[in-house]
Amino acid sequence: MEGKKNALAESVIDPRALVAYQDGAVVSRALVTKKAGTITAFAFDAGEGLSEHTAPYDAVVQVLEGEAEITVGGRPYTLAAGEMIIMPATIPHALFARVPFKMLLVMILE
1 MEGKKNALAE SVIDPRALVA YQDGAVVSRA LVTKKAGTIT AFAFDAGEGL
51 SEHTAPYDAV VQVLEGEAEI TVGGRPYTLA AGEMIIMPAT IPHALFARVP
101 FKMLLVMILE
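If you read the sequence shown in UniProt numbering, its first letter stands for residue 1, the second for the next number, and so on.
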């Protein structure tokens, strides 16, 4: 719906408070969904993750809390709170929560 104001627009928010951990689960909340891209907050319980997959768009993951192993193109990276990684379009990637962690995912659509 174009013209409808996002409930979070013009608000100062702590993105870590947007999603809560749930035992044995991955929780997500879409913050922005537009033709140009999306912003989604995630909370992963320890041991949870996203299996290897590809996306047709560039994606940016910013770790908000905790620590995760993010594999891009077969190479593992350990990211902690405050760090981010850019995952290029069409390159296989996966995420694994070593401990509970929260992240923002920004997808840049064409």
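The beta-carbon is built from N, C-alpha and C at its ideal position, and this holds for glycine as well.
Here isoleucine 86 is exposed. Its C-beta has fewer than 16 other C-beta atoms within 10 Å. In the DSSP assignment, tyrosine 77 falls within the unbroken beta strand (DSSP E) covering 75-80.
Tyrosine 57 is not a Cβ neighbour of glutamate 10, given a cutoff of 8 angstroms. Annotation for glutamine 62: the continuous beta strand (DSSP E) segment containing it runs 58-65. In the structure shown, arginine 98 adopts coil according to DSSP, grouped into three states.
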